[in-house]
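Notes follow the structure.
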Amino acid sequence: MPDPVPTAVVFDLGGVLVDWDPRYLYRQLFADPDEMESFLAEVTTAEWNALQDAGRPWAEAIETLAAEYPERRELIEAFHRRWREMLAGEIEGTVDVLAELRAARVRLVALSNWSAEMFPFARARFEFLEWFEGIVISGDVGVNKPDPRIFEYLVERFAIEPGAAVFVDDSAANVDAAASLGFRAIRFTEATALRAELVRFGLLRDVPAQSEQKGSV
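If you want it as structure tokens, here you go:
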């Protein structure tokens, strides 16, 4: 007997629906790409940024790091002051898939590692964020994916049954965490593959390619 069709899809945001990358900003601030990569890998690291996603205030984050690298203070401050320049825009193909799910009246919820201080800028910029029934931001909860506690918070807050929900994320660790809690988890690579998986789960129709549709009468 086939599995029942899921009733909800839980989306990650950055890297799935929103194109965020600090390189969009720092390419403007470094003439040497290798020097930029070293700065991002050794100073404003992913681990450092994750603490803001978990609720650390940006003022504290900047001062702590600038005390360690005083000669880099201006570049460190730019990570916060010019954060909006790290947002390139929406990932259009995935937003199209989101629109299809919305039209099909599938429950849509988002779960994202994001600073609570920075998320309002994204919410103001991207209209599709209003399509979600609710959005759980790690900075508000005080814990990041893949910690099971943030998934448990999501499940309780929105009365989601993990076995009846699909979870979409570009991080393997987050996908594994969701799967271990019973979600039908998809590792996001690109929109076409995501849509195919959602068709397989019965959430979207397996329609002909756009070019074939245009050629039909």
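Residue numbers are given in the working numbering: position 210 of the sequence shown equals residue 199, and the series is strictly consecutive. From the three backbone atoms N, C-alpha and C, an ideal C-beta is built for every residue, glycine too.
So does the segment 161 to 170 actually touch the segment 53 to 69, counting three or more Cβ pairs closer than 8 Å?
As far as the Cβ criterion goes, the segment 161 to 170 does not touch the segment 53 to 69, which means the pair count is below three.
Does the pairing of the segment 25 to 38 with the segment 128 to 142 give three or more beta-carbon distances under 8 Å?
no
Chain-order list of residues whose beta-carbon lies under 7 Å from that of Asp42 (same chain, five-residue window excluded)
Closer than 7 Å at the Cβ level, and outside the excluded window around Asp42, lie Asn102, Trp103, Ser104, Ser127, Gly128, Asn133.
Looking only at its own chain, which residues have a Cβ that is under 8 Å from the Cβ of Leu193, when we skip the five neighbours before and after it?
Only Val86, Glu89, Leu90, Ala93, Arg184, Leu187 meet the Cβ criterion.
Which residues does DSSP pair with Ala26 in a beta bridge?
In the sequence on display, residue 26 carries Glu and not Ala. Its beta-bridge partners do not exist; DSSP assigns none.
Proximity to Leu170 [Cα-Cα], best of Ile139, Ala182, Ala180, Asp159
Ile139
Using DSSP bridges, identify the partner residues of Phe0.
Ala99, Val157
In or out: Val155 buried (at least 16 other Cβ within 10 Å) or exposed?
buried
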